[in-house]
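Participant: Okay, handing you the structure first.
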Amino acid sequence: MTTAAHSSSAARSPLGPSTSSNGNQTKPGALVPTNNVTTGDGLTVRTRIDPTLTVDDVMKQLCLNLKIKEPPSHFALRDETDELVTNDNLRKKIRNKVNLKLVNAPAREARETAEKLRNINDKNIKMNLFSLQKYIREEAFAHEFLDHNGLAGLVDVIFSATGNTLAYALAAMQNLMELDYGWADLSNEFILRVVQILSSPQSLINVCRPATAILKKLVEADPSSIPGPQLASSSRSPPSAPPGSIYRYGFQVVFEQMRTERGLLETVVNRLGSADTAMAQYSMMLINSLLAHASDARWEEFISELERLNVRKAVVRLMSLHTIEDLTSCILDFQANIVRVTYRKKTTLVDPDEDETHAAALKSIWAWSKLEEDLDSSGQVLKWRKLGFDTEDIIQEFSEVGVLGLECLKKFVESDPDFSKVILEQLSRPEERRCPIAKASNEVVELLSEHWAIFAPGYSTSTTFQPFFLDFPKVHSLATHFFIRMWSESGAATGDFTRVVALVRSQVKVALRRENVRPWHEVEHDFMECEYRAVRDRQMKELELEDDLLSKVPVRNLRAKLYKESFEFVRQQRIQCLLQGAWFVNALPQSSPREAARRPSRPWRFMRLDTGMKYLHYVDSAVKFPVRNGLEDLPERIDISLISEIATGICAPPPNVLRDQNDLPPTSALVPSPLSFSLLSAHEGSLADQIAPDQSRWADWTDGLNMLRRDGGHVSSKETAGFVQALTEIGLKIKLLDLSGEMVEIPSGLVAGPPPMSNDFFFAELP
1 MTTAAHSSSA ARSPLGPSTS SNGNQTKPGA LVPTNNVTTG DGLTVRTRID
51 PTLTVDDVMK QLCLNLKIKE PPSHFALRDE TDELVTNDNL RKKIRNKVNL
101 KLVNAPAREA RETAEKLRNI NDKNIKMNLF SLQKYIREEA FAHEFLDHNG
151 LAGLVDVIFS ATGNTLAYAL AAMQNLMELD YGWADLSNEF ILRVVQILSS
201 PQSLINVCRP ATAILKKLVE ADPSSIPGPQ LASSSRSPPS APPGSIYRYG
251 FQVVFEQMRT ERGLLETVVN RLGSADTAMA QYSMMLINSL LAHASDARWE
301 EFISELERLN VRKAVVRLMS LHTIEDLTSC ILDFQANIVR VTYRKKTTLV
351 DPDEDETHAA ALKSIWAWSK LEEDLDSSGQ VLKWRKLGFD TEDIIQEFSE
401 VGVLGLECLK KFVESDPDFS KVILEQLSRP EERRCPIAKA SNEVVELLSE
451 HWAIFAPGYS TSTTFQPFFL DFPKVHSLAT HFFIRMWSES GAATGDFTRV
501 VALVRSQVKV ALRRENVRPW HEVEHDFMEC EYRAVRDRQM KELELEDDLL
551 SKVPVRNLRA KLYKESFEFV RQQRIQCLLQ GAWFVNALPQ SSPREAARRP
601 SRPWRFMRLD TGMKYLHYVD SAVKFPVRNG LEDLPERIDI SLISEIATGI
651 CAPPPNVLRD QNDLPPTSAL VPSPLSFSLL SAHEGSLADQ IAPDQSRWAD
701 WTDGLNMLRR DGGHVSSKET AGFVQALTEI GLKIKLLDLS GEMVEIPSGL
751 VAGPPPMSND FFFAELP
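This is the structure:
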């Protein structure tokens, strides 16, 4: 027998009787075995495996020594957790002396599993599916399973099974869909079946979790998500997926099936309150995917349905819980998605002639006012000016705040049963003393948009929960009532509009401070009880430090433009840090006792993002060493697409790691480090648990990984948020210095001049 794979049975050992499993001492001069291997017959042999050989060579030697007549390619080795032994992990298994099992090779197992799935009535179908959900992640198994029409059998089981059998089948499908091939031919009927499973309140939690993940994956598999550079095209039509591509589904395909089961979205929103944190997390991730990928054709319908179901209130309830560490990232993603929704509403023009919902909203506002249409002294229609607009051109009046302004005004009107009395009170005053309520409402929308940085889609830097932002209309109503009260208490006239706006801006900053920890009743108190004199005194102090110039519309627009540029600049910087790579300490997750019991075999890990931005390549090491450029020194990798969340502050350094003060901040063993982060998968748990050496590297990597995501993700660190804000303010001041140096007067707004008296003119071409 060669030294490649010595074997010994429990009864008799080629290495000598001293190495048998009966507990006798090792015979002097005998080779020390490295691993126990258990055959399918229950026979345990002790083997010495040469770590320099490949797995194929090891299997040949093992089959030869065990006198197995079948080809070695029919067999493979797995450890006690059913992880397949490969050339990548063989040395690690040998070094750790892991107990191994001699089993069918993945290709052989896949063929047999595909065959068994064709017989749905097989009494062992549940056990086969239980194994399938684990093995399907292996590429060799998946290829053979798909080649033997295993997918069709799996789909048939999903259509017919119930209970735990259905749960295992869905989990297997979920794991299969982590591959970027093999599931391009799923039918609309299959999607509808998953929708029906999810929409049933009676479905088991272990059934709903994988079903939710499957639907999320289908939503994200749209043509615009095809990885790699997109071909330039002058066409405005959406890109199409090539034949055989999995990127052929997307929001539109999934939502069409969701529309046939009206209860689905309501059930998903209700599950946000599930006692099962994982179920709440899966539901939140599905909602986020739908929000991020919603198509223009169904956007309004989908958003309106979500608003009707009070999804924001459900998320605010989650924010108030104290056991939601696993949901933090999902909630911040939801906030970022609502920023996009709010921005889209703000930039969607109000057009009652073309949109029935706009016309209905305006009709409701007018009805609540209980006013009659009149003619002014010049014979012009007097309607909307009674509510406080400057003109009767309603499209122009909402041009800066769009549908968001219309919705906020409508909710403000409907939330106040005395609105008609408030309007009549203003109309009873001299014209110059009337508070322009409708105009004030729009200005409050602008102030709140500025406060919450509603500048552009995909640019959200909030690192904390913003429950008041999620209740935008309610805050708007409070602030608008405050505007009306300040107008009255200050004795304001028409020319004082900007002065009152400044008072409201000051109060918004105070009332909405520390939003993530303040109770709602304090916000109400700040808006409803604060007196004019106190607000004015505070504002005067603020004016000593801040130029009124910053409140003008052109400057606000300039700030929004610079904010986007600053965000993109910081995003590129963070991603560059990932491309360069960095050393981290391997950490212990705190999420479960099973995970906490795991000990990293080596204390250090170097990670680097590849230039294609698809994988994080890494190497674990006992000591830090100079890592060459490229990926040659980094044999392992993590698929970026598997990362569903970047959780922070939930890992601790292992107690067996000796930490140098220059490499890692001091912290107690098994106490979560504030500089830790975990890369979590929706169904595989933690893919990596690391501790950064300092705050700067922690911010670079947590925010860089979040910013890599297609939907923009969210910013985790205050450092990154601060950089974006600082760059914006510096850029703004430089621009304003250029203008002030040239003595340029910045208007508060632009007003079009009167139309020409005649159109009898032409433009001559300059020489």
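Under the UniProt record's numbering, the sequence shown has 616 at position 616, and the numbering climbs by one with no breaks.
Note that the Cβ used here is the ideal one computed from N, Cα and C, for glycine as well.
Being a predicted model, the structure only gives us computed values, none of them experimental.
1. Using beta carbons (cut-off 7 angstroms, strictly below), is P635 in contact with chain B?
2. With distances taken between CB atoms, is the gap from N99 to N36 smaller than 7 angstroms?
3. Tell me the rounded alpha-carbon separation between D57 and Q695.
4. I need the straight-line Cα distance from Q281 to V315, nearest angstrom please.
5. I need the straight-line Cα distance from F307 to N557, nearest angstrom please.
6. Going straight from the alpha carbon of W299 to that of A161, what length do you get?
7. Buried or exposed for I730, going by 16 or more other Cβ atoms inside 10 Å?
8. Comparing C-alpha positions only, which one of M707, S686, L642 and A169 sits nearest to K216?
9. Which value, in whole angstroms, describes the spacing of the CA atoms of L321 and T328?
10. Are the segment 524 to 533 and the segment 421 to 435 touching by the rule of at least three beta carbon pairs closer than 8 angstroms?
11. Provide the residue span of the alpha helix (DSSP H) that contains A211, from first to last.
12. Is it the case that the Cβ atoms of L102 and T47 are separated by a distance below 7 angstroms?
13. Give me the residue from Q576, R499 and S200 with the minimum Cα distance to M540.
14. On the CB-based measure, 16 or more other CB atoms within 10 Å of its CB, does Q335 come out buried or exposed?
15. Within the segment 495 to 555, note down every full alpha helix (DSSP H) run reaching 4 residues or more, in order along the chain.
16. Suppose contacts are defined by Cβ-Cβ distances below 7 angstroms. Is S686 in contact with P589 by that definition?
17. Pop quiz: R84 and T113 are said to be a contact at Cβ under 8 angstroms. What is the actual Cβ separation, rounded to whole angstroms?
18. Which of the three DSSP states is assigned to A360 in this structure?
19. If you draw a straight line from the C-alpha of Y168 to the C-alpha of M528, how long is it?
20. Residue range of the alpha helix (DSSP H) that residue 769 falls in?
21. Helix, strand or coil for K116? Go by DSSP, reduced to three states.
22. Report the rounded CA-to-CA distance for A511 versus R571, giving the unit in angstroms.
23. Bridge partners for P589 per DSSP, in chain order?
24. Go ahead and pull the three-state DSSP assignment for N164.
25. Kindly indicate which residue of I437, D326 and I640 has the alpha-carbon position closest to the one of I650.
26. Rounded to whole angstroms, what is the Cα-Cα separation between D471 and K313?
27. Taking Cβ positions, are L409 and S441 nearer each other than 7 angstroms?
28. Measure the C-alpha to C-alpha separation of E645 and D700 and round it to an integer number of angstroms.
29. Can you tell me the Cα-Cα spacing of L264 and S295, whole angstroms?
30. Please state if the CB of G704 and the CB of L579 are separated by a distance shorter than 7 angstroms.
31. My understanding is that H148 touches R111, with C-beta atoms under 8 angstroms, so please give their C-beta distance in whole angstroms.
32. By alpha-carbon positions, which one of F130, L204, A560 and T260 ends up nearest to S274?
33. DSSP on residue 773, reduced to helix/strand/coil?
34. Classify M707 as buried or exposed, calling it buried when 16 or more other Cβ atoms lie within 10 Å of its own Cβ.
35. Go to L705, then tell me how far its beta strand (DSSP E) extends in each direction, as first and last residue.
36. Below 8 angstroms on the Cβ atoms is my contact criterion, and I expect W487 with C435 to pass it. Report the Cβ-Cβ distance as a whole number of Å.
Facilitator: Checking against the coordinates, here is how it stands:
1. Included in the structure is just one protein chain, with no chain B present.
2. Contact: yes.
3. Between D57 and Q695, the alpha-carbon positions lie close to 47 angstroms from each other.
4. Cα to Cα, the separation comes out at about 11 angstroms.
5. It is worth fixing the name first, because residue 307 is Glu in this sequence and not Phe. Cα-Cα distance, rounded: 29 angstroms.
6. A161 has its alpha-carbon roughly 34 angstroms from the corresponding atom of W299.
7. I730 is classed as exposed because its beta carbon has fewer than 16 other beta carbons within 10 Å across all chains shown.
8. Proximity to K216 across M707, S686, L642 and A169 peaks at L642, based on C-alpha coordinates.
9. Taking the straight line from one Cα to the other gives about 11 angstroms.
10. Contact fails: fewer than three Cβ-Cβ distances are below 8 angstroms.
11. Here the alpha helix (DSSP H) through A211 covers I205 to E220.
12. No, the Cβ-Cβ distance between L102 and T47 is not below 7 angstroms.
13. Nearest C-alpha to M540: R499.
14. It counts as buried.
15. 497 to 511, 520 to 528 and 532 to 545, all fully within the segment 495 to 555.
16. For the pair S686 and P589, the CB atoms are nearer than the 7 angstroms cut-off.
17. Looking at the sequence shown, residue 84 is not Arg but Leu. About 15 angstroms separates the two Cβ atoms, so there is no contact after all.
18. DSSP, reduced to helix, strand and coil, places A360 within a helical segment of the structure shown.
19. Cα to Cα, Y168 sits roughly 56 angstroms from M528.
20. The requested residue 769 does not occur in the structure, where the chain is confined to residues 1 to 767.
21. In the structure shown, K116 adopts helical secondary structure according to DSSP, grouped into three states.
22. A511 and R571: Cα-Cα distance of roughly 31 angstroms.
23. Beta-bridge analysis with DSSP links P589 to C651.
24. Three-state result, N164: helix.
25. For I650, the nearest C-alpha among the options comes from D326.
26. D471 and K313: Cα-Cα distance of roughly 8 angstroms.
27. S441 sits close to L409, with the two beta carbons spaced by under 7 angstroms.
28. Taking the straight line joining both Cα atoms gives about 16 angstroms.
29. Answer to the nearest angstrom: the Cα atoms are 18 angstroms apart.
30. Not a contact, by the Cβ cut-off of 7 angstroms.
31. With 8 angstroms as the limit, H148 and R111 qualify as a contact, their Cβ atoms being about 5 angstroms apart.
32. When each option's Cα is compared against that of S274, the closest is L204.
33. This structure does not reach residue 773, given that the chain is present from 1 up to 767, and the question cannot be answered.
34. By the C-beta density criterion, M707 is buried, having at least 16 other C-beta atoms within 10 angstroms.
35. In the DSSP assignment, L705 falls outside any beta strand (DSSP E) and within the unbroken alpha helix (DSSP H) covering Q695 to L708.
36. The Cβ separation is near 4 angstroms, so the contact holds.
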